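Quick note: the sequence shown uses our numbering, first residue 17, plus one each step.
Note that beta-carbon positions come from the ideal geometry of N, C-alpha and C, so glycine has one too.
The structure displayed is predicted, hence computed values, not measured ones.
Heads up, the thing below is written out as structure tokens.
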Amino acid sequence: MIITIVEYLVLGLAFLVLIPICVFAIQLFAGISSFAQRPIKTEIRQNIAVLVPAHNEESVIESTLHSIIPQLQGNDRIIVIADNCSDQTATLARNCGAEVIERNDSSKKGKGYALDYGLRYLRDTPPAQVVIVDADCQISEDTITRLVLTCTETGRPVQATYLMLAGSGAGLKTRIAAFAHTIKTMVRPRGLYRLGLPCSLFGTGNTFPWAIISKLELANGEIVEDLKMGIDLVYDGSPPIFCPDAQVISYFPTNSVGMQTQRTRWEHGHLSLIVSECPRLFVKALKSLDIYAFAMALDLCIPPLTLLILISTAVLILSFTAYLFFGWLMPLVVSVFGVALMTFAVLGSWVIQGRNILSFTDLVSVPVYIFWKIPIYLKFLVAKQVEWVRSSRE
């Protein structure tokens, strides 16, 4: 009797892990092929304000503004929020022609506080739409127009493709991280777009109708404010939509400490939201029969790719051990299917979208990257990061 119960528990665990794997694979298979750029409509677009939150970004702020300002039209505005800066960010931004507002409150750290400060600055003369671009990003040609027109057509928040690249001479860990990021912020959102489903927000390259963003509570220290914002928008009935042909680009930190800080913040924040928000989203989906809430819950429950690989491998080992000692075949079949499905989906993404990022030799070295990430997940269990910490750029 006890052995039978344990067998069902192992089988249940195998099926539980299979759920995010299947969602992940469906997204990748749907989004694996590229989109042809759509022609831009020529009608006059609505006026916008571009918010650029910046904390000690003197090394990159000029380049970012030079990529944004040529895409502005008519009464568009660009506002740099110099947030707790101790460098020349504000001066350099003014010299580029941006409006600059400065916030100095070291007790309230985080991008959410900066964005809230910028929105309050806009309240007296609100734009039709607000675009958010991080201070270390470059935007591709026509990105602003594509985002704004998509937002106007749908009445919903819009997310651009957000690529984080490995710079020249980047190490193996950075190149693998760039491939994983491409899957997360390009391939998976494209799949959701093709399926007619909402996507998460990625913190930069976002556009919002003023009527929607002005109602959001952003003044908090949430370390993954973008993910939380996307979830809040689903609760409010305004799920974000992906714009595949708008593109924002930035680069991974070039030093290992900066990269470790960045990954810890992202992944601890993501895991915290899985625990706190997935159940709420599923309840909302069931109560109101909201397909968008259900889709967002499924998307959110996919852990970071490295952790998904670790969990599925652990369950496979457990299932194989149970088969060897007790002859339980079904858990092993489910686990093997899950690992094979995930492997096939990732390999397919690499063949079509990742060979310019990773060589095949790099790909087979992924276990090295996985071992590097294990301390991040162990730290989540014993000393979870809850405060925003800036990643060193250099």
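Asked                                                                                                                                  : Found
Spatial distance of residue 206 from residue 51 (CA atoms)                                                                             : 9 Å
Contacts around residue 218, its chain only, beta-carbon distance under 7 Å, and the 5 residues preceding and following it disregarded : 175, 178, 201 and 242
Same chain, Cβ closer than 6 Å to residue 236, five either side skipped, listed in chain order                                         : 128
The segment 183–199 in contact with the segment 293–308 per 3-pair CB rule at 8 Å                                                      : no
Unbroken alpha helix (DSSP H) run spanning residue 167, endpoints                                                                      : 159–170
Given 8 Å, three or more beta-carbon pairs between the segment 386–399 and the segment 224–232                                         : no
Burial state of residue 377, where buried means 16 or more other Cβ atoms lie within 10 Å                                              : exposed
Inter-stretch contact at 8 Å, needing at least 3 Cβ pairs: the segment 165–173 / the segment 98–106                                    : no
According to DSSP, residues forming a beta bridge with residue 228                                                                     : Answer is none; residue 228 lacks a bridge partner.
Neighbour-count burial assignment, residue 61, 16 or more Cβ in a 10 Å radius                                                          : buried
Straight-line Cα distance separating residue 356 from residue 4                                                                        : The chain is shown only over 17 to 410; residue 4 falls outside these bounds and no answer can be derived.
Among 212, 155 and 67, the one whose alpha carbon lies nearest that of residue 109                                                     : 67
Reduced DSSP secondary structure (H/G/I, E/B, other) of residue 115                                                                    : strand
Straight-line gap, residue 265 to residue 149 (C-alpha atoms, nearest Å)                                                               : 10 Å
Cα-Cα separation, residue 303 to residue 255                                                                                           : 17 Å
Start and end residues, alpha helix (DSSP H) containing residue 485                                                                    : This structure cannot settle anything about residue 485, because the visible part of the chain is limited to 17 through 410.
Buried or exposed by the 16-neighbour rule on C-beta atoms within 10 Å, applied to residue 140                                         : exposed
Local conformation of residue 213 per DSSP, three classes                                                                              : coil
Sheet register partners of residue 223 (DSSP bridge)                                                                                   : 147 and 174
Residue 298 in three-state terms, based on DSSP                                                                                        : helix
Inter-residue Cα distance where the pair is residue 167 and residue 125                                                                : 30 Å
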